[in-house]
Each structure stands twice: as structure tokens, then as C-alpha cells.
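Count along the sequence shown from 1, add 52, and you get the number used in the numbering used here. Please read the structure below before turning to the comments.
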Amino acid sequence: MASMFSRRASTAALAALVVVVTTACGGGGGDSGAQAPGPAASAAPPVASGSTPIARMFVAGDSLADVGTFGLKATVQNAANPAAGYPVYPELVAAALGTGSQCNFFANDGGSTFTTQAGCTNFAVGGTQVVNPITRGGSALPLSLEHQLEEAVAANGGAWRAGDLIVVDAGANDAAGLADAFLDARGGGAEAAVLAALLAQQLDASTIAVAFRQSDGEAVAAGLYMQRLAGTYWTTVKANTLDKGATRVALLNVPDITLTPRLRSMVADLAAAEGPAEATAFQAALRQWIVGFNTELARLAAGESRVVVVPYFEDFSAQGTNPAAFGLTNASDDACPPGDFPVCTDAALDASPPVAGLAPGWWRTWSYSDEFHPSPRGHELLAATVLRALAQAGWR
């Protein structure tokens, strides 16, 4: 199995999905095209009480939150203590809340089979998407957010307790996969079919057809896709948390991935190939798709006292705009050399700084480990964002 930290995994899977969509849709299957519903009203929703402190913390999501499904974390590795590594944001949040250490519920040795570890409360898996393509196992594997949350509920007897906090992050991998497919489709042919297959995971055939008739049809359809994806995100989380008695749910919105080294590189390559105007337009479009997702998520969660939307997009963007204010010396480049995370250790980085004269520990003030994931400092900042959101909600 390819590394689940690879941003190209979902696009490759969607190439296989083209045949499935063409066969199954018959030109008209899929979603109805109706707008995602808002939060459903209930007679007397449970309200998180200050008298019931947070006692347990459960996590679902992607590589940002994964504490070791594949034997490591998606950040700089600790050469002196590889097993413990550097803490990622859920571990820092759990430590601040006093809910105990985090361990990964799912485990994978690089093959296609996941095993489970009873008693662990972190269900996050690197590579997870809100909508995991059926060619990657769909909702049958923990690469699906829905699968993780269903397993979390089942592991707790089918319901949540008053002292439980559920933290969820997802959507960035979906956005990255969409960006890949969108750019690849510019050449037409088979790659255009891959984009159509991706869009068909959330949009019906008529919606896609209407969007494609516009001059910037692919971009319009991509924006609609991300809005619909926010509805799927909300529905998935609600069904497995609020509808199961949860009183505290923290949902991270999607950060502006155009600021990551990976997307910066894609934009630079596009500028070199097709000119700065095309590159700027793509970057602005992707950012707007993400804003559309976050706006829809905020709308769906509005007025729901049991949910906090963590403003990751806003804080992440602020860090990119003014890194020094957050103790950062670099918010644009990746610290790790090309390759998988096992080789990106603190010792290796200290031994081979990217610029001569950098003191040992230089990577501690960089935002990024590799081209798409936070450094240990990035995780500290994200944990602070989560904790501040919990405090503003009166949950700590």
C-alpha cells in the first residue's frame, strides 16, 4: 500500500473510479442535488454543562490527528525516542485537558489490513477523507471519516457520555485531491474523466452538466463539490456524535492549503507552464472552494450549543501572513528532505540544515515538516487554536 501521507493517493484511486461511475450512474445517478440540510431541531438537546468536566477525549480525522496508525506521526521524528516522537495536536490538547495519553485505535503495517487496539481513543488515520473513494475501500476502511466515527461509537457501547469530548478534523485531503484532479483535467481526455468521477461522488449528473456549460465550468463544479462536501462532513459527524448523545464536539474547519509548500510548488509550476495569471487564478479558486466549505460548515453548525467549529483556517492563515508573531522563522518551506517521514528525524535535520550556519533546532521554528504537514511547532499552534475554541465555548 502506498504511503497514506501521499497527497496523490486519492487521485490515483479516482482513476479507477471512472469506470465505476460511468457504469453505475448511467448519466443520472448520484446525489439529488438538493442543498444540504441545516442542523435539525430537537425537543431538548443535551447541553454541555460546566459542572460536568471533560473526562475523556476521542479523536477522528486524518494525518494531522493520527498518533501512530502506520507506526509514526506525520511530522519530524524524534531520533532519541522514536516510539514517543514529538506530540501532534490531539496529544497536546489531551495533556492540557488532563484526559490521559492518546493511543491509536487502528494499526497498519503498510499492507491493506487494519487491526484495532481496544481501549484507545484516537481513531484518526493518515490519508483519511470525508469521502473515501470506493477504489480505496470507501466507507469500509478507516480511511473514511464515517468508518472511524462509527467504530468510535461502537467501541463506547453505541452512545456518548456527558464528560466526553469528540475532536474531528477532515477535508484537507479531499481539497488536495480535488486540486490535483482539477489541474490534471486541464489536458482533457482521461484526466478530465477522473475529475468528473470525483465530482460525481457528491454532485448529480445534471448539476455537473450545468456547471460545465459555463466558461469556467470545472471551477464552478469544484466549488459546488466542496460546499456539498461540507454537508456530508456535518451529516456524518452529527449522525455519530450529536445523535448519539454527545454534548461536546469540536470540528476543525479546513485550512488554506494553498499556503503549504506542496501547493506553492504546484502554483509555481503552473506559472512557469501557463503564465502567472493562470497560476494566480487557480490559487484563488482553490482558496475560494475551501472558504465555501468552511462557510457552509459554519452555517450548518450555527446555533448548535454542543458544537464548536475550531477556526483552523483563520489561525493558519494568520501564521502565514505574520509568522514572527507566532514564533516562526519560516512559514513557506518544508524542513524535511524529500522522502518518507522515517528519514526526517531531528538529528538528520540538525546535521544537514538547508542553509549553512543554521543552529541545531532550526526546524523548531518552521511551520512545516514536509510539504503538507505541520512541524512540531505547527502542532503546538494548532493545539492552542483548539484549546482557545474550547475555552471560548466554556468547556474548560
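Note that the Cβ used here is the ideal one computed from N, Cα and C, for glycine as well.
Within the model, the alpha-carbon separation for residue 312 versus residue 423 is close to 6 Å.
Straight across, the Cα-Cα distance linking residue 336 with residue 154 is about 37 Å. Considering only 445, 146, 309 and 373, the residue with the shortest C-alpha distance to residue 224 is 309. Between residue 216 and residue 106, the C-beta gap is smaller than 9 Å, which places the two residues in contact. With a cut-off of 8 Å on Cβ pairs, the stretch 428-446 is in contact with the stretch 357-372, counting three or more such pairs. With a 10 Å radius around the Cβ and a threshold of 16 neighbouring Cβ atoms, residue 275 comes out buried. Here the alpha carbon of residue 381 sits roughly 20 Å from the alpha carbon of residue 364. Look at the beta carbons and you see the stretch 174-188 touching the stretch 108-120: at least three pairs across the two are nearer than 8 Å. Ranked by how close their Cα comes to the Cα of residue 186, the residues 331, 342 and 253 have 253 in first place. By the 16-neighbour rule on beta-carbons within 10 angstroms, residue 165 is exposed. Rounded to the nearest whole angstrom, the CA to CA distance from residue 133 to residue 431 is 18 Å. Restricting attention to 367, 201, 373 and 324, the CA atom closest to the CA of residue 292 is found in 201. For residue 424, there is no enclosing alpha helix (DSSP H), as DSSP gives it neither H nor E. The residues 212 and 218, in chain order, have a CB closer than 6 Å to that of residue 298 in the same chain once the five nearest residues on each side in sequence are set aside. Taken through DSSP and simplified to helix, strand or coil, residue 167 comes out as strand. In terms of CA proximity to residue 367, 437 leads the group 446, 323 and 437. Cβ contact annotation for residue 251 (same chain, cutoff 7 Å, sequence separation greater than five): 260, 273 and 277, in chain order. The beta-carbon distance between residue 221 and residue 116, rounded to whole angstroms, is 5 Å. This is short enough to meet the 8 Å contact definition. Rounded to whole angstroms, the Cβ separation of residue 352 and residue 334 is 28 Å, and the two are not in contact under 8 Å. Judged by DSSP in its simplified three-state form, residue 254 adopts coil rather than helix or strand. Under the three-state reduction of DSSP, residue 212 is assigned to coil, being neither helix nor strand. Taking 9 Å as the cut-off, the Cβ atoms of residue 191 and residue 180 do not count as close. Closest by C-alpha distance to residue 125, out of 396, 415 and 401, is 396.
Linking residue 371 to residue 378 through their CA atoms gives a straight-line distance of about 6 Å. In this structure residue 266 is not in contact with residue 344, their Cβ atoms being roughly 16 Å apart against a cut-off of 8 Å. In summary, residue 169 is exposed, with fewer than 16 beta-carbon neighbours lying within 10 Å of its beta-carbon over all protein chains present.
When beta bridges are read from the DSSP output, residue 113 appears opposite 221. Per DSSP, residue 138 is not a residue of any beta strand (DSSP E), being assigned neither H nor E. Secondary structure note for residue 337: its alpha helix (DSSP H) is the uninterrupted segment 328-353. One alpha carbon belongs to residue 301, the other to residue 214, and they sit about 11 Å apart.
Under the DSSP definition of a beta bridge, residue 420 partners with 386 and 426.
Among the bridge pairs identified by DSSP, residue 159 is matched with 167. With respect to residue 383, residue 406 sits apart: the two C-beta atoms are not nearer than 9 Å. Between residue 137 and residue 152, the C-beta spacing is not below 9 Å.
Scanning 318, 230 and 330 for the CA closest to the CA of residue 281 turns up 230.
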